[in-house]
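S.K.:
Residue numbers (the working numbering): 15 to 271.
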């Protein structure tokens, strides 16, 4: 009787081991192709800086170089506004949405002017300190803010956690609903299955995008900043090309390292 029981246990153990070895992998460990992205960026006109951040690592190229933010800073303005004492504890009203929706979704400068007049430079600095940004500066005009790719990926990797809990869903909703005509650059090469929350900024010679890719509890923050590009479409193509190479091989099952 003992021998029969022993054989049964042994057979069960073998079947379990066999099933485990035949089971599909839980996801391939993935790393960005920094070498290819750097080689591409170094050949593009103008100045290019990029960073990609996972929960464990920061990857990049000139990622701590200070660059003009343009409208990228509007994401910080949104968070600073939602955390204000007079806003954080109540439902957003029509006046709130009349500022935040166009500022993020359509990148309205007029709305950003009003939000900045409300939160002030101190509101932006307070957020920068909380995030742990090392090189953020701003002034009396929000568009003059200076940022780095490394700091912005630190911010976007957990962007909703810097928003009071009541308004976190609103922040993510806005960052995921940018109008189609502004979904260029990085937004054009997001792999299927990954949600993308982002903000872009541009002038005739500056093209920037910063965002968060999220799938379940997996997160990747990415920032590509350019300046002195030969033209706006050239800068956007630079951003797309850098992101395309950085995100190479990322799929639904990938586990970022």
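Using N, Cα and C, we set each Cβ at its ideal position, and we do this for glycine too.
None of the values given here were measured: they were computed from a predicted structure.
Taking only three categories from DSSP, how would you classify residue 223?
M.R.: The count along the chain shown starts at 1 and reaches residue 223 at position 209. Residue state, collapsed to three classes: strand.
S.K.: Checking the sheet assignment: what are the DSSP bridge partners for residue 233?
M.R.: As a first step, residue 233 must be located in the chain shown, where it is residue number 219. DSSP output for residue 233 lists 228 as bridge partner(s).
S.K.: Suppose the cutoff is 6 Å on Cβ atoms and the five residues either side in sequence are ignored; what does the same chain contact list for residue 237 look like?
M.R.: Here residue 237 refers to the residue found at position 223 when the chain shown is read from its first residue. The residues are 65, 163, 166, 167 and 224.
S.K.: Please report the straight-line C-alpha distance between residue 49 and residue 260, rounded to a whole angstrom.
M.R.: Walking along the chain shown from the start, residue 49 turns up at place 35. Walking along the chain shown from the start, residue 260 turns up at place 246. Each residue's alpha carbon lies about 9 Å from the other.
S.K.: So, are the CB atoms of residue 113 and residue 128 less than 7 Å apart?
M.R.: Your numbering for residue 113 matches position 99 in the chain shown. Your numbering for residue 128 matches position 114 in the chain shown. Closer than 7 Å, so yes.
S.K.: Determine the contact status of residue 215 and residue 253, defining contact as a CB-CB distance below 7 Å.
M.R.: Working through the chain shown from its first residue, we reach residue 215 at position 201. Working through the chain shown from its first residue, we reach residue 253 at position 239. The answer is no: Cβ separation not under 7 Å.
S.K.: Under the three-state reduction of DSSP, which class applies to residue 265: helix, strand or coil?
M.R.: Counting from 1 along the chain shown, the entry for residue 265 is found at position 251. Note: residue 265 maps to coil in three-state DSSP.
S.K.: Look at the alpha carbon of residue 145 and the alpha carbon of residue 180, and state the distance between them as a whole number of angstroms.
M.R.: Numbered from 1 along the chain shown, position 131 holds the residue referred to as residue 145. Numbered from 1 along the chain shown, position 166 holds the residue referred to as residue 180. Distance between the alpha carbons of residue 145 and residue 180 is about 19 Å.
S.K.: Any heavy atom of the ligand HEM within a distance shorter than 6 Å of the CB on residue 184?
M.R.: Ligands in the displayed structure: none, and consequently the ligand HEM is not present.
S.K.: Identify the residues that DSSP records as bridge partners of residue 43: which are they?
M.R.: Mapped onto the chain shown, residue 43 falls at position 29. The partner list for residue 43 (beta bridge, DSSP) reads 269.
S.K.: Taking 8 Å as the threshold, find out whether the region 49-58 comes into contact with the region 198-213 through three or more Cβ pairs.
M.R.: Taking 8 Å as the limit for Cβ pairs, the verdict is that the region 198-213 does not touch the region 49-58.
S.K.: Could you round the C-beta distance between residue 249 and residue 221 to whole angstroms and report it? I think they count as a contact, below 8 Å.
M.R.: Locating residue 249 in the chain shown gives position 235, where the first residue counts as 1. Locating residue 221 in the chain shown gives position 207, where the first residue counts as 1. Confirmed, about 3 Å.
S.K.: Just to confirm before moving on: does the CB-CB distance between residue 264 and residue 205 stay below 7 Å?
M.R.: Here residue 264 refers to the residue found at position 250 when the chain shown is read from its first residue. Here residue 205 refers to the residue found at position 191 when the chain shown is read from its first residue. Yes, these two residues count as a Cβ contact at 7 Å.
S.K.: Compare the C-alpha of residue 169 against each of 78, 85, 89 and 56 and name the closest.
M.R.: For the purposes of this step, residue 169 is identified with residue 155 of the chain shown, where counting begins at 1. Minimum Cα distance to residue 169 is reached at 89.
S.K.: Taking only runs of the beta strand (DSSP E) that begin and end inside the region 66-121, which ones reach a length of at least 3 residues, in chain order?
M.R.: Counting only runs of 3 or more, we get 72-75.
S.K.: For residue 63, write down the residues that DSSP places opposite it in a beta bridge.
M.R.: Position 49 of the chain shown, counted from the first residue, corresponds to residue 63. Residue 63 is bridged to 239.
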